[in-house]
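Numbering (the working numbering), first residue to last: 86 to 361.
To start, the structure under review is shown below, and the notes come after it.
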Ligand SMILES: [Zn+2]
């Protein structure tokens, strides 16, 4: 399920920031933690207490702003068992400092509400390179390094379950590593931008020139996402992490048309809370 489909950290009325959840046998695997991810899970009807694994693709605020909040708030919602988090450094330091920052509330709820201490439940695994990430009775997860300068490392993740394979691109320019990771997958969720609209997006901000150059260098156009999906031979391409995220002049039909230029499989234009 797509929890948030807008690209960029600015809070918006139209769409939440990047997050997805894969649910297998009532176990929740959350990929990226943009602003509001815990509330989006509530809207999605996924019980927060089923949170078991958190994956961060890269350390940009539209993907990690609510990383700590998700775990903390899930704990207040009854999660009392182990959680593993996976992602690029400095994930361990971020986790440690987050619990320090919120120690007052956490300690109060332990002593006052009888909750189990939170920090010992959370096991952090910093990822430095591509390869196998984890596997359990539901899924096998692998990571590839993608191209999202200057953020290094930036990962895409592939989830193989007995009935389906799902790849989450994270943020990237067109990536040969992602093509390999996604080979033959059922579903590829790919971040996309619409280059003709980038000028309108950056016109609102004082750092327009630098922001435009940065976006064009580290994101993938919808047309190129179609090319990646075609090269990888996936069945379904799901467009998400839209840049710009809320330009009324870029319609669903335009995103679809751009992706279909290069891809002959099924294209889905993502939206918040869409279940694939
Ligand atoms: Zn990013």
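The beta carbon of each residue, even a glycine, is placed where N, CA and C say it ideally should be.
In DSSP terms, what residue i is bridged to
{"i": "residue 105", "result": "87 and 116"}
{"i": "residue 135", "result": "None; residue 135 has no bridge partner."}
{"i": "residue 211", "result": "172"}
{"i": "residue 353", "result": "323"}
{"i": "residue 220", "result": "225"}
{"i": "residue 244", "result": "226 and 251"}
{"i": "residue 150", "result": "Partner(s): none; residue 150 has no beta bridge."}
{"i": "residue 183", "result": "In DSSP, residue 183 forms no bridge with anything."}
{"i": "residue 127", "result": "In DSSP, residue 127 forms no bridge with anything."}
{"i": "residue 98", "result": "The partner list for residue 98 (beta bridge, DSSP) is empty, contrary to what the question assumes."}
{"i": "residue 239", "result": "231"}
{"i": "residue 140", "result": "116 and 171"}
For residue j and residue i, the rounded distance between their alpha carbons
{"i": "residue 271", "j": "residue 105", "result": "16 angstroms"}
{"i": "residue 218", "j": "residue 263", "result": "15 angstroms"}
{"i": "residue 268", "j": "residue 274", "result": "13 angstroms"}
{"i": "residue 185", "j": "residue 194", "result": "15 angstroms"}
{"i": "residue 362", "j": "residue 143", "result": "The chain is shown only over 86 to 361; residue 362 falls outside these bounds and no answer can be derived."}
{"i": "residue 285", "j": "residue 331", "result": "11 angstroms"}
{"i": "residue 261", "j": "residue 114", "result": "25 angstroms"}
{"i": "residue 303", "j": "residue 230", "result": "13 angstroms"}
{"i": "residue 282", "j": "residue 122", "result": "27 angstroms"}
{"i": "residue 293", "j": "residue 311", "result": "27 angstroms"}
{"i": "residue 361", "j": "residue 175", "result": "31 angstroms"}
{"i": "residue 346", "j": "residue 202", "result": "52 angstroms"}
{"i": "residue 187", "j": "residue 146", "result": "19 angstroms"}
{"i": "residue 129", "j": "residue 357", "result": "9 angstroms"}
{"i": "residue 319", "j": "residue 199", "result": "48 angstroms"}
Option in the options with minimal Cα separation from residue i
{"i": "residue 108", "options": "351, 224 and 302", "result": "224"}
{"i": "residue 191", "options": "118, 173 and 162", "result": "162"}
{"i": "residue 155", "options": "180, 144 and 143", "result": "180"}
{"i": "residue 93", "options": "198, 300 and 259", "result": "300"}
{"i": "residue 100", "options": "198, 342, 328 and 347", "result": "328"}
{"i": "residue 138", "options": "326, 182 and 221", "result": "221"}
{"i": "residue 316", "options": "297, 294 and 265", "result": "265"}
{"i": "residue 173", "options": "214, 135 and 133", "result": "214"}
{"i": "residue 208", "options": "187, 351 and 177", "result": "177"}
{"i": "residue 116", "options": "347, 149 and 97", "result": "149"}
{"i": "residue 349", "options": "357, 359, 335 and 322", "result": "322"}
{"i": "residue 242", "options": "226, 248 and 292", "result": "226"}
{"i": "residue 233", "options": "152, 216, 257 and 187", "result": "257"}
{"i": "residue 305", "options": "276, 290 and 320", "result": "276"}
{"i": "residue 248", "options": "169, 235 and 110", "result": "110"}
{"i": "residue 278", "options": "216, 343 and 206", "result": "343"}
Residue i: CB within 7 angstroms of a non-hydrogen atom of ligand 1
{"i": "residue 224", "result": "no"}
{"i": "residue 120", "result": "no"}
{"i": "residue 236", "result": "yes"}
{"i": "residue 428", "result": "Outside the displayed range of the chain (86 to 361) lies residue 428, so it cannot be described from this structure."}
{"i": "residue 233", "result": "yes"}
{"i": "residue 138", "result": "no"}
{"i": "residue 143", "result": "yes"}
{"i": "residue 208", "result": "no"}
{"i": "residue 213", "result": "no"}
Residue i Cβ short of 7 angstroms to ligand 2 heavy atom set
{"i": "residue 275", "result": "For the structure depicted, ligand 2 is absent and the ligand set comprises only ligand 1."}
Closer than 8 angstroms to chain B by CB, residue i
{"i": "residue 180", "result": "No chain B appears in the structure shown, which is made up of a single protein chain."}
* Asked: Curious, which full-length beta strand (DSSP E) runs of at least 3 residues does the segment 251-327 contain?
  -> 272-278
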